[in-house]
Amino acid sequence: MDQAKPLQVDPTAETHLAKRIVVALDVRSNDHGDLVVTKGDQYDVRENHKEGVTECRGGVRNLGKPVSLASRYYQEGADEIAFLNITSFRHGVIEDMPMLQVLEEASKKIFVPLTVGGGIRSYTDPDSGQTWTALEVASRYFRAGADKISLGSDSVHAAEAFVASGGAKKGDTSIETISRVYGAQAVVISIDPKRVYVESKDQADSKHVVVELDPHQLGPNGERFCWYQCTVKGGREERDICAVTVAKATEQLGAGEIMLNCIDMDGQGQGYDLALLRAVSEAVSIPVIASSGAGTPEHFSEVFTKTGVQAALAAGMFHRKEVEIETIKQHMRDSGIPARKSA
Amino acid sequence: MPEKLKVSLLDYGAGNVRSVRNAIAANGYEIQDITTPEQIVAADCIVFPGVGSFGSAMRVLKEKGFYQPLRDYLADYKRPYLGICLGMQTLFESSDEHEPGADPIPGLGVIPGKVIKFNETHMAVPHIGWNGRILHQDSAVLKHVSPDEDAYFVHSFYAPLTAENAPWVLTTTTYSGQAFVSAIQRGSVVATQFHPEKSGVTGLHVLKGFLEVSDCCWSAGRQVALGYGRLKEISLTAVVLLLSLTLSY
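If you read the protein sequences in the order shown, they are chains L and S.
The first sequence runs 81 to 423 under this note's numbering.
The second sequence runs 616 to 864 under this note's numbering.
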């Protein structure tokens, strides 16, 4: 190889970190043990029937859907892909998790970061009685091709224990163990808060951070203030801790990114919850991924202009082919927001 | 099909390098895993996607007896080498990435200088995401990539630009105003702070450029070797002919 030739360099030249568009696929197992993408995917039952799925467990699984959809998003310019597993692993052994096969196949075709979420926790095989730690489960996902794993309920409990102990690190939480081995950048915390409206800033328990909502995002009865209560178990159980507190605690424990949802905005297509995203991105120094509420290209430009988030995630609007990723990026560039330039 | 360069992959099993394998395979090259120091000595092209921490990577290289063979491999900058992320940082003399209070662990020491941490009070750390490159050298490795295409970074530590490492610098990148070395090249030794295997088509094209240039070197080397072999054969035939001629007289 010849030594490359030196060039004149402008010493004032700068590059800019692009704001990322993350596409999420909510994946679950159907009755056949196949993985299907649920959000905005009203036709999956009929399509699976058409594709002739083998019925018994252990038979041929139809993994095509998540992989082919993800490949499409990759080709269309997604900066990152997140597979969010909404099936609980009540059956089977760890090596048989269909999501592992999805990752292995996806990583052959998709050369952008892959995140996998859901089910990363300590797990006991009901048949053999064997137990895997959250770190072991995560390791298997990393080996299958995941770059990051996202932790949900587990991280809320870890934050609660961290706060209750006055900021003591136990060292054995899933956040800490995975972060120690794979690095903070591999650990994403997924927070699912819901709004709790209050009359004024001092009406809530002082441990919760109360925010003033943006004028166009007030509560259904014109409520101006709220705090964001964290939930676990897919939003079914509420906890007495706010999203800002969980974000700060998990950052201390070794998280590298926060994926911030909002149950009130999810699936509404009315835009991201700006007050929430502003409060959390100002409270932590790790990157925040906005989630829940995207419906138009303007929502992306708005969240990047009005809050400190580094990435914005959407699922339904892409699955329904309402907006193309490139259209969003063009809108961002037109608004002066750096978007990834690709080949 | 003409014989192609084989890529030797330095994967010591500390994390996910599946994507690196897939990206090399997507470019049509075969991979063999380096498991012994002898394979480093014999390798035609080494790819080192460092995973884990600086200290753990260096420790493993030493434990497996790879440290000295790698230094020898890199010594004259003539043999194709691609370091990725930590695989670039380990080329430097040392890093601030170590346990608090512990002594810094030396790197391979091929490039002068130390790898340091981004200032958390000024910017979000790690630096995660897609960023650009400012070109410092005109290199065939980047011939398939347009200068304004972004690449994917994920790191908390960086190599600052210094007078000493200037001859190595292929590209720099800035993050919140902080400039850092985002790729190096000297001779056939190439390394990137960004992840080509995670940088979409742009990244595949960076790998393609590196592998093509390496393959070209390797084929040229083989041509010379083959030529030499044939020459030996011809002279041997001549000697035999001469001998038989002499004998027949």
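In this text, a Cβ means the ideal position worked out from N, Cα and C, and glycines have one as well.
If you follow the alpha helix (DSSP H) that R108(L) is in, where does it begin and where does it stop? That residue, R108(L), is in no alpha helix (DSSP H); its beta strand (DSSP E) goes R100 to S109.
At a cut of 8 Å, does the stretch 212-220 of chain L reach the stretch 656-672 of chain S through at least three beta carbon pairs? no
Could you work out which residues of chain S lie near G336(L), taking near to mean beta carbons separated by less than 8 Å? P741 and I743
Report the three-state DSSP secondary structure of M290(L) (helix, strand or coil). The sequence given here has Val at residue 290(L), not Met. In this structure, V290(L) counts as strand in the three-state DSSP scheme.
Contact with chain S by G383(L), beta-carbon distance below 8 Å: Residue 383(L) is actually Val in this sequence, not Gly. Not one chain S Cβ lies under 8 Å of V383(L).
Within the chosen definition, does the stretch 712-719 of chain S reach the stretch 682-691 of chain S through at least 3 CB pairs nearer than 8 Å? no
G643(S) versus L822(S), C832(S) and P741(S), residue with shortest Cα-Cα distance: L822(S)
Have a look at Y153(L) and E645(S) and give me their C-alpha separation to the nearest angstrom. Between Y153(L) and E645(S), the C-alpha separation is close to 28 Å.
Hey, out of F768(S), S754(S) and V632(S), whose CA is closest to P762(S)'s CA? S754(S)
C-beta atoms of Q297(L) and L215(L) nearer than 8 Å: no
Starting from D252(L), trace the alpha helix (DSSP H) in both directions and tell me its first and last residue. Per DSSP, D252(L) belongs to no alpha helix (DSSP H) and is neither H nor E.
Within 8 Å of any Cβ in chain L, is that where the Cβ of G824(S) sits? no
Would DSSP call C831(S) helix, strand or coil? Here C831(S) sits in helix by DSSP.
Suppose contacts are defined by Cβ-Cβ distances below 8 Å. Is T60(L) in contact with P273(L) by that definition? Residue 60(L) cannot be examined here, being either before or after the span of chain L that is shown, 81 to 423.
Mark P178(L) as exposed unless 16 or more other C-beta atoms lie within 10 angstroms of its C-beta, in which case mark it buried. buried
Helix, strand or coil at V268(L) [DSSP, three-state]: strand
Find the residues of chain S that neighbour R100(L), judging by a C-beta separation of less than 9 Å, and give them in chain order. Here the neighbours are I743, G744 and W745.
Exposed unless 16 or more other CB atoms sit within 10 angstroms - verdict on A781(S): exposed
According to DSSP, which residues form a beta bridge with P721(S)? S709(S)
Verify whether the separation of the beta carbon atoms of A739(S) and S365(L) is less than 8 Å. Closer than 8 Å, so yes.
Does the stretch 389-403 of chain L come close enough to the stretch 648-667 of chain S to have 3 or more Cβ pairs within less than 8 Å? no
Cα-Cα separation, K468(L) to W307(L): For chain L, the structure presents residues 81 to 423; residue 468(L) sits outside this window and is missing.
Answer yes or no: do R108(L) and T118(L) have a C-beta to C-beta separation smaller than 8 Å? Yes, Cβ-Cβ distance for R108(L) and T118(L) is below 8 Å.
If you draw a straight line from the C-alpha of P295(L) to the C-alpha of R304(L), how long is it? 8 Å
Run the CB neighbour count on C136(L), radius 10 Å, all protein chains shown included, and call it buried at 16 or more, exposed below. Only weak support exists for where C136(L) lies, its pLDDT of 37 falling under 50; the value from the coordinates is given anyway. It counts as exposed.
Taking the continuous beta strand (DSSP E) assigned at Q647(S), which residues delimit it? Segment E645 to D648, the beta strand (DSSP E) holding Q647(S).
C-alpha gap between V760(S) and S233(L), whole angstroms: 42 Å
Does the beta-carbon of N637(S) have 16 or more other beta-carbons within 10 angstroms, so that it is buried, or is it exposed? With at least 16 other beta carbons inside 10 angstroms of its own, N637(S) counts as buried.
Among the candidates L115(L), Y277(L) and P193(L), whose CA atom is the shortest distance from the CA of F768(S)? P193(L) is the residue among L115(L), Y277(L) and P193(L) whose C-alpha sits nearest the C-alpha of F768(S).
Excluding the 5 residues flanking V675(S) on each side, which residues of the same chain have their C-beta closer than 6 Å to its C-beta? Y627
Sheet register partners of I661(S) (DSSP bridge): Looking at the DSSP output, I661(S) sits in a beta bridge with S623(S) and Y696(S).
Closer than 8 Å to chain B by CB, I271(L): The chain inventory of the structure shown lacks chain B, comprising the protein chains L and S.
Any residues in the stretch 221-249 of chain L with a beta carbon nearer than 8 Å to a beta carbon of chain S? Which ones, in chain order? Answer set for the stretch 221-249 of chain L: F222, R223, A224, G225, A226 and D227.
Nearest by alpha-carbon distance to C660(S): which of I639(S), P741(S) and E712(S) is it? I639(S)
Classification of D414(L) by the beta-carbon crowding that lies within 10 angstroms, buried from 16 upward: exposed
For G225(L), three-class secondary structure by DSSP: If DSSP states are grouped into helix, strand and coil, G225(L) belongs with coil.
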